[in-house]
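S.K.: This is the structure I want to talk about, given as structure tokens.
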Ligand SMILES: C[S@@+](CC[C@H](N)C(=O)[O-])C[C@H]1O[C@@H](n2cnc3c(N)ncnc32)[C@H](O)[C@@H]1O
Ligand SMILES: [Zn+2]
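Numbering (this note's numbering), first residue to last: 46 to 199.
As structure tokens, then:
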């Protein structure tokens, strides 16, 4: 279920998710609880689907019925993953802040996105966990999708 402390808004990326109250570290924000898609490659999925789903196995992705599909990506995110499908706050978040996560916390496919997040640590290209540097993996420890934890024995 979507956390009532967040609201759907708009910004330069289209839809976005904003905190309407202060949020505590590790609070669940939203979940990918919708339709499951199976494909040989992410690029075989329709673009609008590929742009909004979460990868949770080598050939499987899942959409959300709620707002999880509208959190934008940042290379300095304030949210991460718990398990396979739950987006959680990775730190305390103040009212008014945008909620973001790093799509590389779950994606390890041929889908690519040019990142315009503007962070000093911007990776510029998103889509392959396998390319994530060790220091960033350390920073995200505990918030990386379970399927990648298993795949890479993290
Ligand atoms: C999961 S959706 C997020 C919601 C999206 N803004 C919308 O209106 O539906 C991901 C899409 O948002 C945009 N987006 C999100 N974060 C971005 C970023 N850091 N840089 C560039 N585009 C981004 C891209 O169009 C991307 O395909
Ligand atoms: Zn970035």
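A virtual CB, placed ideally from N, CA and C, is assigned to each residue, including glycine. Being a predicted model, the structure only gives us computed values, none of them experimental.
Determine the direct distance from the alpha carbon of residue 112 to that of residue 56, and round the result to whole angstroms.
M.R.: Reading the chain shown from its first residue, position 11 is the one you call residue 56. Reading the chain shown from its first residue, position 67 is the one you call residue 112. Their backbone Cα atoms lie some 15 Å apart in a straight line.
S.K.: Give the DSSP-derived three-state secondary structure of residue 196 in the structure shown.
M.R.: Here residue 196 refers to the residue found at position 151 when the chain shown is read from its first residue. DSSP places residue 196 in helix when its eight states are reduced to three.
S.K.: If you draw a straight line from the alpha carbon of residue 122 to that of residue 146, how long is it in whole angstroms?
M.R.: Sequence index remark: in the chain shown, residue 122 carries index 77 (1-based). Sequence index remark: in the chain shown, residue 146 carries index 101 (1-based). Distance between the alpha carbons of residue 122 and residue 146: 5 Å.
S.K.: Less than 7 Å separating the Cβ of residue 177 from some heavy atom of ligand 1?
M.R.: On the chain shown, position 132 is the one that residue 177 refers to. Checking every heavy atom of ligand 1 against the Cβ of residue 177, none is found closer than 7 Å.
S.K.: Could you tell me if the beta carbon of residue 120 falls within a distance shorter than 7 Å of some heavy atom in ligand 2?
M.R.: The residue you call residue 120 lines up with position 75 of the chain shown. Residue 120 Cβ: within cutoff of ligand 2.
S.K.: Between the Cα of residue 92 and those of 48, 157, 75, 102, spot the shortest distance and give me the residue it belongs to.
M.R.: Indexing the chain shown from 1 puts residue 92 at position 47. Selected option, being the one with the closest Cα: 157.
S.K.: If contact is defined by three or more beta carbon pairs under 8 Å, each pair taking one atom from either stretch, is the stretch 174-186 in contact with the stretch 80-88?
M.R.: Short answer: they don't touch.
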